[in-house]
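Peer 1:
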Amino acid sequence: MRNKDAKACFPEEVRRSLIEKWHELRANKDQFPIYWEFIHRERNNILKEYEFGAYESIINAQGEAKARTGILYLLNDGETEGLVLRGGPYDGKSAIDVADEGKRWVQSTVCECLSRAGFDPDEEIEFEKFVRIQS
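Each residue of the sequence shown is one higher than the last, beginning at 1 in the UniProt record's numbering.
(1) Mind checking which residues open and close the alpha helix (DSSP H) that includes residue 115?
(2) In whole angstroms, what is the alpha-carbon distance linking residue 73 and residue 81?
(3) Along the alpha helix (DSSP H) that carries residue 18, what are the first and last residues, could you check?
(4) To which residues of the same chain is residue 114 closer than 6 Å at the C-beta, ignoring the five residues directly before and after it?
(5) Would residue 98 and residue 92 qualify as a contact pair, given that the criterion is a beta-carbon distance under 8 Å?
(6) Given this structure, state the Cα-to-Cα distance separating residue 9 from residue 78, to the nearest angstrom.
(7) Measuring only the C-alpha atoms, how far is residue 62 from residue 49?
(8) Should residue 108 be labelled buried (16 or more other beta-carbon atoms within 10 Å of its own) or exposed?
(9) For the candidate residues 69, 96, 124 and 104, whose alpha-carbon lies nearest to that of residue 54?
(10) With 16 as the cutoff for other CB atoms within 10 Å, does residue 18 come out buried or exposed?
(11) First and last residue of the alpha helix (DSSP H) that includes residue 42?
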């Protein structure tokens, strides 16, 4: 958002707020593991390494994951299929659950940046009335 969207259509106050947040993220990496250890890491894995840091697994009734043993597997009672992350602080956690946590973090961070810029993140804007700001 900071590089493309901010330059394209955000008011100056929002641009500044996004840049300030980016500096805060970079200066305090240990305080934002969901960004650095999941969002940023998986983005780079996918875009640069063509990999996803999760593997298909079978989750038993106790929530424990085990790797699939082949392409054909019949689930036992209480088992489900899932994607489990490998490595880093989210090792062994459900990729879907961590992605949901990441989504909530992004949403709250964007709302925080909008609020800092003096805008109401809950304000409803009709698409037809949205005007792209020319730079």
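No residue lacks a Cβ here, since even glycine has one placed at the ideal position from N, Cα and C.
Peer 2: On the basis of the supplied data:
(1) Within the sequence shown, residue 115 is the residue found at index 115, counting from 1. Its alpha helix (DSSP H) spans residues 95-116.
(2) Indexing the sequence shown from 1 puts residue 73 at position 73. Indexing the sequence shown from 1 puts residue 81 at position 81. Answer to the nearest angstrom: the Cα atoms are 10 Å apart.
(3) Walking along the sequence shown from the start, residue 18 turns up at place 18. Counting along the chain, the alpha helix (DSSP H) containing residue 18 begins and ends at 12-27.
(4) The residue labelled residue 114 in the question sits at position 114 within the sequence shown. Counting only Cβ-Cβ distances below 6 Å, and skipping sequence neighbours, we find 121.
(5) Position 98 of the sequence shown holds residue 98. Position 92 of the sequence shown holds residue 92. No, they are not a contact pair.
(6) In the sequence shown, counting from the first residue as 1, residue 9 sits at position 9. In the sequence shown, counting from the first residue as 1, residue 78 sits at position 78. Between residue 9 and residue 78, the C-alpha separation is close to 49 Å.
(7) Counting from one through the sequence shown, the residue named residue 62 turns up at place 62. Counting from one through the sequence shown, the residue named residue 49 turns up at place 49. In a straight line, the C-alpha of residue 62 is about 33 Å away from that of residue 49.
(8) What you label residue 108 is simply residue 108 of the sequence shown in a count that begins at 1. Flag for residue 108 reads exposed.
(9) Taking the first residue of the sequence shown as 1, we reach residue 54 at position 54. Closest by alpha carbon: 96.
(10) In the sequence shown, counting from the first residue as 1, residue 18 sits at position 18. Residue 18 comes out buried.
(11) Taking the first residue of the sequence shown as position 1, residue 42 is located at position 42. Per DSSP, residue 42 belongs to the alpha helix (DSSP H) from 40-44.
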